[in-house]
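Report on one structure; see the data block that follows.
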Amino acid sequence: MLDVRDITIIGGGPTGLFGAFYAGMRGASCRIIDTLPELGGQLTALYPEKYIYDVAGFPKILAKDLVKGLAEQALQFGAQVLLNQEVTGLTREAVEGEAMFVLDTPSGRHGTRTLLVAAGIGPFAPRRLGLTDEAQWLGHGLYDRVVHPEAFRGKRVLIVGGGDSAFDWAANLHGVAASVLQIHRSANFKAHTATVQQVQALSAARAMELRTFWEVQALHGAGSVEAATLVNTRTKALERVETDAVLALLGFISRLGAVASWGLAIEKDELLVNSAMETKRPGIYAAGDIVAYPGKLKLIATAVAEAAVAVNGAVKFIHPEAKFAPGHSSAMEHLFTQPAQPK
Ligand SMILES: Cc1cc2nc3c(=O)[nH]c(=O)nc-3n(C[C@H](O)[C@H](O)[C@H](O)COP(=O)(O)OP(=O)(O)OC[C@H]3O[C@@H](n4cnc5c(N)ncnc54)[C@H](O)[C@@H]3O)c2cc1C
């Protein structure tokens, strides 16, 4: 028999987690499905050790600590969590006489009355260097993200990229790594000006090195990376640099995955929603980084608000007589003093 929930949330990032909390607060049963092995979305996968300064109520908070709080808040009502599971298909079916959505994942099929797509930038697909033997180096001196900066302490680090992640880590690994060399294939940077200036100043002071118009042509080593051959994109000159770790921080390929085939309105890999976070298909809502609407900001502060709007709409979709407005949590003390109920 199909396990049915009121609301299934695709994505366990901040949007999905806050959506799960709201579902519980509104008495709706809920499940979260995520491709990653841990909750937290980009915060866990990309910048767990970085401080966030623009979340209401926290002058500054480490991304991993924000995830901890979001997860504790989200799971207090017993939402089911399915990790390491990519949602690959969606159908509309009658289950025991009730029309509902059925989601396909590797672990099986899951019924749901409504769906909240909080899939961020889709299942993460980091952009690669393009080396033919790249797979053999991944995890062996070549990395596409920094999870623990301490892992690079005392190492000679080569950072490849000209976006926010590359510049952020060039600045943050300075003083941790033995040396930092950042290369970018052009002189056009897609990072915050302040961070670019910080790295340029460090480079001018010879505390690290920033080189433009260079790419990685090959990696060398016995088992793990020991050196890289760099190529100048203008002169084609080659240079071998000794290095212990290569960080390819080239951004992510935006891919919607299965969501793209569900008949939703999509523009530039983003789902179009109205102010109630409804997609084109009744019963399917979307929120967070994956959505587009006039005035959209891709921030945690706005994503969690969108999740609240979406979930209140989903509750009204299931129970048309229910109020859209949830009321004030401060008047719901009884909900928050009960032990979690399995759903
Ligand atoms: C380096 C960096 C620093 C940042 N700093 C800040 C900051 O200071 N302040 C701020 O407000 N924002 C910041 N952001 C942006 C912020 O992280 C995002 O706005 C936020 O993560 C969006 O949350 P989300 O839940 O919508 O998406 P995500 O965090 O991307 O989570 C989506 C989840 O959905 C999962 N998923 C996708 N497709 C599927 C599928 N088919 N099946 C199952 N699971 C799926 C993914 O695995 C992922 O876990 C930063 C981002 C980066 C990269």
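The working numbering numbers the first residue of the sequence shown as 1083 and each following residue consecutively. Yeah, the Cβ is synthetic: ideal placement off N, Cα and C, and Gly gets one too. The structure presented is a predicted model; accordingly, all values stated were derived computationally and were not measured.
Item                                                                                                                                                                                   : Value
Pair every Cβ in the segment 1209 to 1222 with every Cβ in the segment 1103 to 1114, then say whether three or more of these pairs are closer than 8 Å.                                : no
CA-CA distance, T1275 and V1281?                                                                                                                                                       : 10 Å
With DSSP as the reference, identify every bridge partner of Q1162, one or two as the case may be.                                                                                     : R1113
Return the chain-ordered ranges of every alpha helix (DSSP H) run that is complete within the segment 1386 to 1418 and spans a minimum of 4 residues.                                  : 1415 to 1418
Please classify G1236: is it buried, with 16 or more other beta-carbons within 10 angstroms of its beta-carbon, or exposed?                                                            : exposed
For P1231, which three-state DSSP category applies?                                                                                                                                    : helix
On the DSSP bridge list, what partners appear for M1107?                                                                                                                               : Partner(s): none; M1107 has no beta bridge.
First and last residue of the alpha helix (DSSP H) that includes G1151?                                                                                                                : A1145 to L1157
So does the segment 1193 to 1201 actually touch the segment 1384 to 1400, counting three or more Cβ pairs closer than 8 Å?                                                             : yes
My assumption, with CB atoms under 8 Å, is that L1099 sits in contact with A1156. Please give the rounded CB distance.                                                                 : 4 Å
Determine which residues share a DSSP beta bridge with S1261 and list them.                                                                                                            : R1238
Within 10 Å of its beta-carbon, does I1089 have 16 or more other beta-carbons around it, so buried, or fewer, so exposed?                                                              : buried
Alpha carbon to alpha carbon, what distance is there between G1094 and G1151?                                                                                                          : 13 Å
Leaving out the 5 sequence neighbours to the left and right, which residues in its chain are closer than 7 Å to R1322 when beta-carbon positions are compared?                         : A1309 and T1311
Under 6 Å Cβ to Cβ from K1425, same chain only, skipping five residues before and after it: list those, please.                                                                        : Low local confidence applies: a pLDDT of 48 at K1425 is under 50, so the model's placement there is unreliable, with the coordinate-based value given in what follows. Hits under 6 Å: S1111 and G1160.
Would the beta-carbon of V1242 fall within 8 Å of that of V1328?                                                                                                                       : yes
Mind reading off the beta-carbon distance from S1285 to G1223? Whole number of angstroms is fine, and I expect it under 8 Å.                                                           : At roughly 23 Å, the Cβ-Cβ gap does not stay under 8 Å, so S1285 and G1223 are not in contact.
Please work out which residues of its chain come closer than 7 Å, Cβ to Cβ, to T1173, disregarding the five sequence neighbours upstream and downstream, and give them in chain order. : V1184
Looking at Q1124 and ligand 1, is the gap between the Cβ and the nearest heavy atom below 7 Å?                                                                                         : yes
Report all residues from its chain with a CB closer than 8 Å to the CB of A1383; omit the five preceding and five following residues, and keep chain order.                            : D1136, V1137 and A1138
Would you mind listing the beta strand (DSSP E) stretches within the segment 1300 to 1333 that are 3+ residues and don't spill past its ends, in chain order?                          : 1309 to 1314, 1320 to 1324 and 1327 to 1330
Please report how far the alpha carbon of Q1299 lies from the alpha carbon of D1371, in whole angstroms.                                                                               : 33 Å
Within the same chain, show all residues whose beta-carbon is closer than 6 Å to that of A1404, passing over the 5 residues directly before and after it, in chain order.              : V1397 and K1398
Pull up the distance between the alpha-carbon of L1263 and that of F1334, whole angstroms please.                                                                                      : 22 Å
Between which two residues does the alpha helix (DSSP H) harbouring E1178 extend?                                                                                                      : First-last for E1178: undefined, no H or E at that position.
DSSP three-state call for V1281: helix, strand or coil?                                                                                                                                : helix
Closest by CA to D1116, which one among H1416, F1206 and G1409?                                                                                                                        : F1206
Kindly list the residues whose CB is nearer than 8 Å to the CB of L1144, restricted to its own chain and excluding five residues on each side of it in sequence; keep chain order.     : P1130, E1131, K1132, Y1133 and I1134
DSSP on K1425, reduced to helix/strand/coil?                                                                                                                                           : Residue confidence is low: K1425 scores 48 on pLDDT, short of 50, so the model does not pin down where it sits. Its coordinate-derived value is still stated next. Correct three-state label for K1425: coil.
Once DSSP output is grouped into helix, strand and coil, what is the label at D1186?                                                                                                   : strand
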